[in-house]
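Protein sequences appear in the order of chains A and B. Residue 204 is where the first sequence starts when you use the numbering used here, and the numbers rise one by one after that. Residue 220 is where the second sequence starts when you use the numbering used here, and the numbers rise one by one after that. Structure record follows, encoded as structure tokens.
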Amino acid sequence: MSAVSEKFGAYSTWRRAISPTGNTGDAVFRFLMLLVALLMVGIVLAMVIALASESMLSLRQFGFSFLTSRDWNPVKGEFGALPFLWGTIASSIIALLISVPFSIGIAIFLVEQAPRYIARPVGFLVELLAAIPSVVYGVWGIFVLAPILRNYVEPGLAKWFSWIPLFSGSITGYGLLTGGIILAIMVTPIISAVVRDVLAAVPGSQREAALALGATKWEMIRVVLVNGVPGITGAVILGLGRALGETMAVTMVIGNRPEISLSLFEPSYTIASAIANEFTEATGDLYLSALVELGLILFLVTFVVNGFARLLVWNVTRQTGGVGRAA
Amino acid sequence: MANSDRMRRATSTLMTTLTGLCTLLAVSALLVILFYIAWRGIGSLNIQFLTDRPRPIGEGGGVGNAIVGSLVLLLISAGIGLPLGICVGVYLSEIGRGKLSHAVRFIVDTLTGIPSIVTGVFVYAIMVVPMKHFSALAGGVALALIMIPIVARTTEEMLKLVPHSMREGALALGAPQWRVTLGVVIPAAASGIATGAMLAIARISGETAPLLFTAFGSRFFPESLNQPIASLTVQIYNYAISPYDEWHAQAWAATLVLMTLVLGINIMVRFLTRSRLR
Numbered sequence: 204m205s206a207v208s209e210k211f212g213a214y215s216t217w218r219r220a221i222s223p224t225g226n227t228g229d230a231v232f233r234f235l236m237l238l239v240a241l242l243m244v245g246i247v248l249a250m251v252i253a254l255a256s257e258s259m260l261s262l263r264q265f266g267f268s269f270l271t272s273r274d275w276n277p278v279k280g281e282f283g284a285l286p287f288l289w290g291t292i293a294s295s296i297i298a299l300l301i302s303v304p305f306s307i308g309i310a311i312f313l314v315e316q317a318p319r320y321i322a323r324p325v326g327f328l329v330e331l332l333a334a335i336p337s338v339v340y341g342v343w344g345i346f347v348l349a350p351i352l353r354n355y356v357e358p359g360l361a362k363w364f365s366w367i368p369l370f371s372g373s374i375t376g377y378g379l380l381t382g383g384i385i386l387a388i389m390v391t392p393i394i395s396a397v398v399r400d401v402l403a404a405v406p407g408s409q410r411e412a413a414l415a416l417g418a419t420k421w422e423m424i425r426v427v428l429v430n431g432v433p434g435i436t437g438a439v440i441l442g443l444g445r446a447l448g449e450t451m452a453v454t455m456v457i458g459n460r461p462e463i464s465l466s467l468f469e470p471s472y473t474i475a476s477a478i479a480n481e482f483t484e485a486t487g488d489l490y491l492s493a494l495v496e497l498g499l500i501l502f503l504v505t506f507v508v509n510g511f512a513r514l515l516v517w518n519v520t521r522q523t524g525g526v527g528r529a530a
Numbered sequence: 220m221a222n223s224d225r226m227r228r229a230t231s232t233l234m235t236t237l238t239g240l241c242t243l244l245a246v247s248a249l250l251v252i253l254f255y256i257a258w259r260g261i262g263s264l265n266i267q268f269l270t271d272r273p274r275p276i277g278e279g280g281g282v283g284n285a286i287v288g289s290l291v292l293l294l295i296s297a298g299i300g301l302p303l304g305i306c307v308g309v310y311l312s313e314i315g316r317g318k319l320s321h322a323v324r325f326i327v328d329t330l331t332g333i334p335s336i337v338t339g340v341f342v343y344a345i346m347v348v349p350m351k352h353f354s355a356l357a358g359g360v361a362l363a364l365i366m367i368p369i370v371a372r373t374t375e376e377m378l379k380l381v382p383h384s385m386r387e388g389a390l391a392l393g394a395p396q397w398r399v400t401l402g403v404v405i406p407a408a409a410s411g412i413a414t415g416a417m418l419a420i421a422r423i424s425g426e427t428a429p430l431l432f433t434a435f436g437s438r439f440f441p442e443s444l445n446q447p448i449a450s451l452t453v454q455i456y457n458y459a460i461s462p463y464d465e466w467h468a469q470a471w472a473a474t475l476v477l478m479t480l481v482l483g484i485n486i487m488v489r490f491l492t493r494s495r496l497r
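This is the structure:
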């Protein structure tokens, strides 16, 4: 008797979980939506499995040394990811160094200073920067930015600062600096949009309190900024996630040579651009497998970086109901 | 004391001016990029360019096949991505509660952040490898995967804007939840969902990386979904990295076409939603 009612109890719990209303149409509807939602989880799992199984050959062959070897020589069958890791991280850091101060400045201007009739259209124009496709930035980088850097900026830097290793090396216009600048333009709208939401989520009473104590406008803004530190950190990491995975624009201007050099002028190579450039030309299973392993690394890194950023931004904007618009 | 006060005021003025300059620089970067594209692109733009397929150097040719290819890819990806994305949005807003829905939202958000080139590799592994050739279908699926999380999140936000009293009213009249959602909530949010879908389409119409080894590219007009297909973005990339001036000029003109499409959608959405958002 008890077994039966237990079984029945389990059934009704299950039934209730799917459809609290007890309506069959609801049960079907809720089940379908749940199925599609679980499909998302399935896609992410499938990505990990597919990338891991396609890169198995390379994983077995090189193991951990894939990450530490700096030799990338498809002809000899040597594959090491270090130059790509270096290029990816270096270009992203350059991008952040340039774009973070700008993004915070833009966000401050739009939230704290500009009157509404200026903040709205200007904010829209800044967001439009994020709508420009990557390949368009690439075209612009090849034909406009790279020649400017090659002919004017880099010779100047080399002349005055060549004693710093960063500014030595041959000047081609295609290299870390060009890639970093393009990336900076691309992530600025993303970071500034999130910082904007974060600043807008800081309660107005904080501003009033600071001003009431006799703070100047800038001192008041600093109070607001301190309040927004976790969210701003999240925004920066979100920008980092975007910069790490950005492909086309970087591929077109970074020079695509798997070498590790401290120089900002020398060509470099990122994980994403290596995949974009070599995937269709990869001859041999090991070569292809090594490229997929690069993809796996990029996937895992951006997954962790983005997840971390989301947690930070969520915690800040959730209480006030703010929404990360650009993200 | 007075001196430090002056210093404080000066710092304040300096810093607030700097923030204005940051904004000015970002906006001028946008305008410079846009006007430069218009200036370089307009010269090579003509009817033949928009309707012809690529020809060898010196024979002109155009990007007609790439424009058609891009539209085909957009149709495939919208056909797959929109329904799935809207369903996920409905789940997140109307159905999911507790830990599972948090997990799904987290997954959807991180899916947005996955580099599109990785999506390309994934689709290569699950579609191109088993089918043994590049295809328009694979390209469409890759774009759909990028589209789904964007559509899902905007749908969720739009559904959440629908007042609770509307749901309660319909439920009080005895309607089951599925009818409330399909018949009341979604229609109330329809224009918001549509603008979200348009933005997602604008976003994927500029994607290049996931198409490189799924749709691959082609020099001919598309004939079958099962074959490689040209796209505007991949064409721009191939022309831009080529060594020929004539192709460079075509790359600029194609860029102008692409930018008109992408910015056109963005600006249109902006004007449609001006009254509703914020």
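Quick reminder that beta carbons are idealized off the backbone N, C-alpha and C, glycines included. Just so you know, these numbers come straight off a predicted model, no measurement behind them.
Under DSSP, the alpha helix (DSSP H) around residue i begins and ends at which residues?
i                 : result
threonine 381(A)  : 379-404
lysine 379(B)     : 355-380
glycine 422(A)    : Reading off the sequence, residue 422(A) comes out as glutamate, not glycine. It spans 420-430 - the alpha helix (DSSP H) in which glutamate 422(A) sits, taken as one unbroken run.
threonine 452(B)  : 451-459
arginine 273(A)   : Note, arginine 273(A): premise wrong, no alpha helix (DSSP H); not H, not E.
glycine 407(A)    : 407-415
tyrosine 340(A)   : 337-343
valine 282(B)     : Valine 282(B) -> no alpha helix (DSSP H), and no H or E assigned at all.
glycine 308(A)    : 285-311
histidine 352(B)  : Here histidine 352(B) belongs to no alpha helix (DSSP H), and DSSP marks it neither H nor E.
tryptophan 366(A) : Looking at the DSSP string, tryptophan 366(A) is not in any alpha helix (DSSP H), and its letter there is neither H nor E.
aspartate 328(B)  : 317-332
leucine 260(A)    : 259-265
glycine 326(A)    : 319-334
threonine 454(A)  : 451-456
glutamate 387(B)  : 383-391
valine 340(B)     : 335-342
For residue i, return the contacting residues in chain A, with the cut-off set at a CB-CB distance below 8 Å.
i                    : result
serine 335(B)        : Gly448 and Thr450
phenylalanine 432(B) : Phe482 and Thr483
glutamine 469(B)     : Result: empty, since nearest Cβ-Cβ is about 11 Å, beyond 8 Å.
asparagine 485(B)    : Leu331 and Ala334
leucine 380(B)       : By Cβ distance, chain A contributes nothing, its closest Cβ being about 10 Å from leucine 380(B), past 8 Å.
Nearest by alpha-carbon distance to residue i: which of the options is it?
i                    : options                                       : result
phenylalanine 287(A) : Val342(A), Ile478(A), Asn226(A) and Leu386(A) : Ile478(A)
valine 340(B)        : Ile252(B), His383(B), Ala361(B) and Met417(B) : Ala361(B)
threonine 414(B)     : Ala391(B), Ser384(B), Leu269(B) and Thr492(B) : Thr492(B)
valine 495(A)        : Asp229(A), Glu257(A) and Ala475(A)            : Glu257(A)
leucine 489(A)       : Lys279(A), Ile252(A), Val247(A) and Asn459(A) : Lys279(A)
leucine 364(B)       : Ile252(B), Gly239(B) and Pro334(B)            : Pro334(B)
threonine 227(A)     : Leu380(B), Ala449(B) and Pro395(B)            : Pro395(B)
valine 347(B)        : Ala391(B), Asn445(B) and Glu376(B)            : Asn445(B)
threonine 391(A)     : Leu311(B), Leu244(B) and Leu390(B)            : Leu244(B)
Please list the partners that residue i has in chain B, where partner means a Cβ-to-Cβ separation under 8 Å.
i                : result
glutamine 409(A) : Chain B residues near glutamine 409(A): none, gap ~17 Å exceeds 8 Å.
Tell me which residues share the same chain as residue i and place their Cβ nearer than 6 Å to its Cβ, disregarding the 5 neighbours each side in the sequence.
i              : result
serine 371(A)  : Ser365 and Ser466
leucine 330(B) : Pro368
Residue i touches chain A at which residues, Cβ-Cβ below 7 Å?
i                    : result
glycine 388(B)       : Within 7 Å Cβ-Cβ: nothing; glycine 388(B) doesn't reach chain A, min ~16 Å.
phenylalanine 341(B) : Met250, Ala253 and Leu254
proline 395(B)       : Thr224, Asn226, Gly228 and Asp229
Give every residue of the same chain whose Cβ lies closer than 7 Å to the Cβ of residue i, excluding the five residues on either side of it in the sequence, and list them in chain order.
i                    : result
phenylalanine 511(A) : Ile440
methionine 417(B)    : Ile484 and Val488
leucine 414(A)       : Met423
Please compile the residues from chain B whose C-beta is within a distance smaller than 7 Å of the C-beta of residue i.
i                : result
glutamate 537(A) : Here chain A has residues from 204 to 530 only, and residue 537(A) is not among them.
lysine 420(A)    : Ser231 and Thr235
Who are the neighbours of residue i on chain D, taking C-beta pairs under 8 Å?
i                 : result
methionine 389(A) : The structure shown contains no chain D; its protein chains are A and B.
Using a Cβ-Cβ cut-off of 8 Å (strictly less than) and excluding sequence neighbours within five positions of residue i, which residues of its own chain qualify?
i                 : result
isoleucine 256(B) : Trp471, Thr474, Leu475 and Met478
serine 231(B)     : none
Can you list the residues of chain B that residue i reaches, using a CB-CB cut of under 9 Å?
i                : result
threonine 505(A) : Thr329, Gly332, Ile333, Pro334 and Val337
leucine 332(A)   : Ala245, Val246, Ala248, Leu249 and Ile252
For residue i, which residues in chain A fall below 9 Å Cβ to Cβ?
i               : result
arginine 227(B) : Ala418, Thr419, Trp421 and Glu422
valine 481(B)   : Ala334, Ile335, Pro336 and Val339
Segment contact flag, the stretch 438-453 of chain A with the stretch 256-273 of chain A, C-beta cutoff 8 Å, min 3 pairs: no
Three CB pairs or more closer than 8 Å across the stretch 390-402 of chain B and the stretch 423-434 of chain B: no
Sufficient close CB pairs (3 or more, under 8 Å) joining the stretch 300-308 of chain B to the stretch 232-239 of chain A: yes
Three or more C-beta pairs below 8 Å linking the stretch 296-310 of chain A and the stretch 382-394 of chain A: yes
Inter-stretch contact (C-beta, 8 Å, three-pair minimum) for the stretch 380-387 of chain B and the stretch 288-298 of chain B: no
At least three beta-carbon pairs within less than 8 Å, the stretch 432-450 of chain B to the stretch 276-296 of chain B: yes
Inter-stretch contact at 8 Å, needing at least 3 Cβ pairs: the stretch 456-463 of chain A / the stretch 402-421 of chain A: no
Stretch-stretch touch, CB-based, cutoff 8 Å, three pairs: the stretch 247-264 of chain A with the stretch 336-343 of chain A: no
Three-pair Cβ contact test at 8 Å for the stretch 229-240 of chain B versus the stretch 421-436 of chain A: yes
Any 3 or more C-beta pairs closer than 8 Å across the stretch 320-330 of chain B and the stretch 241-253 of chain A: yes
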